[in-house]
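First up is the structure itself, then whatever we jot down about it.
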């Protein structure tokens, strides 16, 4: 059965949170995966991380990691010291993932998140080449620790590097590691791809992780605009056995609302109980369509 999860930011105003409480919460919602960010966990002690990992194991919840590298960690930067900072941060993340029993790392992980070209760049190759060289160094650690890296295909407003499945395929070829694969996300695909199913089939067995959400980042719904039959049908066509993780962001305020750019209450003033029910309904729909 396909494992269904959710990004921890759905429930929070800020990136720091009580991960133990969140693990127990999503267990009650009937989910299988909590997707977390590395920075808040790196700020904790090993003992605190161990308790989180033990709670996840006791509740049969898988932890996956999703990152948005900042400007000081940009793997495509012209500044070698910035690239080295990003390499070091990523390797540090891999170490805590290994300790916590997690093996899926994805997100805006090949360059800086929310940082696009500020001039009329027409040749991305120098940026992609610097990023790929950084990733080659990173992938040595990923291979040693058994971690799969999903290069996220992100819309043009959040990154300039890899905006389509075809660009991701070319980038992964540049890196040349069996552990370097691809993350597709329906929110970004809705902006950049001509066809959901064609993009999924193009990536095929290189698809390591899959994010879902409506075009306005609400949880998946049969009443939304996304063609869920087409999307899940294509996933089944390629025999996708990885996770499906919801990444909805629908509340204003705090670090999460600011960074994700939620400038209106997309939740329509939903209560915590209503927020939970949206997730339950989405998970039920996805499980039914993937069965």
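Numbering (full-length UniProt numbering), first residue to last: 1 to 291. Glycine included, every Cβ here is placed at the ideal spot set by N, Cα and C. Computed from a prediction, not measured in an experiment: that's the story for all the values here.
Determine whether the beta carbon atoms of residue i and residue j lie at a separation below 9 Å.
{"i": "residue 164", "j": "residue 193", "result": "yes"}
{"i": "residue 34", "j": "residue 68", "result": "no"}
{"i": "residue 40", "j": "residue 89", "result": "no"}
{"i": "residue 7", "j": "residue 66", "result": "yes"}
{"i": "residue 304", "j": "residue 134", "result": "Because the chain in this structure spans residues 1 to 291, residue 304 falls outside the shown range and cannot be described."}
{"i": "residue 171", "j": "residue 161", "result": "yes"}
{"i": "residue 209", "j": "residue 181", "result": "yes"}
{"i": "residue 153", "j": "residue 199", "result": "yes"}
{"i": "residue 31", "j": "residue 52", "result": "no"}
{"i": "residue 246", "j": "residue 10", "result": "yes"}
{"i": "residue 211", "j": "residue 240", "result": "no"}
Compute the Euclidean distance between the alpha carbons of residue i and residue j, then round it to the nearest angstrom.
{"i": "residue 29", "j": "residue 244", "result": "15 Å"}
{"i": "residue 174", "j": "residue 136", "result": "9 Å"}
{"i": "residue 276", "j": "residue 120", "result": "44 Å"}
{"i": "residue 263", "j": "residue 250", "result": "9 Å"}
{"i": "residue 224", "j": "residue 214", "result": "6 Å"}
{"i": "residue 155", "j": "residue 185", "result": "10 Å"}
{"i": "residue 76", "j": "residue 273", "result": "42 Å"}
{"i": "residue 257", "j": "residue 219", "result": "16 Å"}
{"i": "residue 125", "j": "residue 278", "result": "42 Å"}
{"i": "residue 286", "j": "residue 78", "result": "42 Å"}
{"i": "residue 217", "j": "residue 57", "result": "29 Å"}
{"i": "residue 24", "j": "residue 59", "result": "7 Å"}
{"i": "residue 143", "j": "residue 179", "result": "6 Å"}
{"i": "residue 122", "j": "residue 1", "result": "44 Å"}
{"i": "residue 252", "j": "residue 15", "result": "14 Å"}
{"i": "residue 145", "j": "residue 96", "result": "11 Å"}
{"i": "residue 288", "j": "residue 177", "result": "34 Å"}
{"i": "residue 226", "j": "residue 127", "result": "32 Å"}
{"i": "residue 141", "j": "residue 85", "result": "15 Å"}
{"i": "residue 73", "j": "residue 255", "result": "19 Å"}
{"i": "residue 197", "j": "residue 114", "result": "27 Å"}
{"i": "residue 3", "j": "residue 106", "result": "16 Å"}
{"i": "residue 284", "j": "residue 195", "result": "25 Å"}
Since I believe residue j is in contact with residue i (beta carbons under 8 Å), could you give me their beta-carbon distance rounded to a whole number of angstroms?
{"i": "residue 168", "j": "residue 221", "result": "Going by Cβ atoms, the distance from residue 168 to residue 221 rounds to 27 Å, so no, they are not a contact pair."}
{"i": "residue 71", "j": "residue 112", "result": "5 Å"}
{"i": "residue 100", "j": "residue 63", "result": "6 Å"}
{"i": "residue 116", "j": "residue 159", "result": "7 Å"}
{"i": "residue 207", "j": "residue 166", "result": "Contact flag wrong, Cβ pair sits at about 14 Å."}
{"i": "residue 238", "j": "residue 205", "result": "7 Å"}
{"i": "residue 26", "j": "residue 87", "result": "Residue 26 to residue 87, Cβ: 32 Å. No contact."}
{"i": "residue 83", "j": "residue 130", "result": "7 Å"}
Could you give the first and the last residue of the continuous beta strand (DSSP E) run that contains residue i?
{"i": "residue 208", "result": "207–212"}
{"i": "residue 34", "result": "33–36"}
{"i": "residue 152", "result": "148–152"}
{"i": "residue 223", "result": "Careful: residue 223 lies outside any beta strand (DSSP E) and carries neither H nor E."}
{"i": "residue 244", "result": "244–246"}
Would you verify that the beta carbon of residue i is, or is not, closer than 9 Å to some beta carbon of chain C?
{"i": "residue 99", "result": "No chain C appears in this structure, which consists of one protein chain only."}
In the DSSP assignment, find the alpha helix (DSSP H) that holds residue i and state where it starts and stops.
{"i": "residue 172", "result": "165–175"}
{"i": "residue 94", "result": "80–100"}
{"i": "residue 204", "result": "Note, residue 204: premise wrong, no alpha helix (DSSP H); not H, not E."}
{"i": "residue 296", "result": "The chain is shown from 1 up to 291; residue 296 falls before or after that span and cannot be answered."}
{"i": "residue 297", "result": "Lying outside 1 to 291, the shown extent of the chain, residue 297 is not represented and no answer is given."}
{"i": "residue 275", "result": "272–290"}
{"i": "residue 237", "result": "228–237"}
{"i": "residue 187", "result": "186–192"}
{"i": "residue 129", "result": "125–145"}
Count Cβ pairs between the region 15–25 and the region 47–63 that sit closer than 8 Å; are there 3 or more?
Yes: at least three Cβ pairs fall under 8 Å.
Tell me, please, whether the region 228–242 touches the region 255–273 by the rule of three or more beta-carbon pairs shorter than 8 Å.
In short, these stretches do not touch, since the Cβ pair count stays below three.
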